[in-house]
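Colleague:
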Amino acid sequence: MEKTHTITTLDELAQFAELFLNEISKSEVKGAVVVGISGDLGAGKTTFVQTLARLLGVTDVVTSPTFTIMKGYETAPGAPFTTLIHMDAYRIEEEDELRPLRLAEIMQQPNTLICIEWAERIYEALPENTHFLALTMPDANVRQITYHHGK
2 MEKTHTITTL DELAQFAELF LNEISKSEVK GAVVVGISGD LGAGKTTFVQ
52 TLARLLGVTD VVTSPTFTIM KGYETAPGAP FTTLIHMDAY RIEEEDELRP
102 LRLAEIMQQP NTLICIEWAE RIYEALPENT HFLALTMPDA NVRQITYHHG
152 K
């Protein structure tokens, strides 16, 4: 089932992120919880991950990993996940490029949240139970986030 939320302020984004985090933290998976995020440039993908990081108590500055492809962050004690992995798949052209990143191994780690921007570029490598967010911009100051769970 798809759900769409309209966001017009950063406060509304934080409210949605908190609800989303509460929902995905209840996921019963053996390994990591994976969130695939799609949207045009400037749609708010990185801003959404930064908001999740803040809610998880990450104290490091969270930036887009466009050039490093993947960054890991420790979360605060008591957070629903102990590790946040932020990945940007924009520059990934072939699935073989994921091997050196050890993404398949990381996906097996419990208490880990993996947020992947441009997830559609590595769709085949994502687990069946991935949570998907599609961010669109119907207007300059409006974002719509459409959520569905599973491939």
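So in the working numbering the end of the sequence shown lands on 152, straight run, no missing numbers.
For glycine and all other residues, C-beta sits at the position ideal for the given N, C-alpha and C.
1) Should the stretch 12–19 be called in touch with the stretch 65–75, which here means at least 3 C-beta pairs below 8 angstroms?
2) Could you pull the DSSP bridge partners for Ile123 from this structure?
3) Do Met108 and Ile115 have their C-beta atoms within less than 8 angstroms of each other?
4) If I measure Cβ to Cβ from Val30 and keep anything under 7 angstroms in the same chain, skipping five residues before and after, which residues do I get?
5) With which residues is Gly45 paired in a DSSP beta bridge?
6) Who pairs with Thr113 in a beta bridge, going by DSSP?
7) Go ahead and pull the three-state DSSP assignment for Leu57.
8) Glu75 bridges to which residues according to DSSP?
Modeller: Taking the coordinates as given:
1) no
2) Answer by DSSP bridge pairing: none, since Ile123 is not bridged.
3) yes
4) Asn130
5) Answer is none; Gly45 lacks a bridge partner.
6) Thr84
7) coil
8) Thr84
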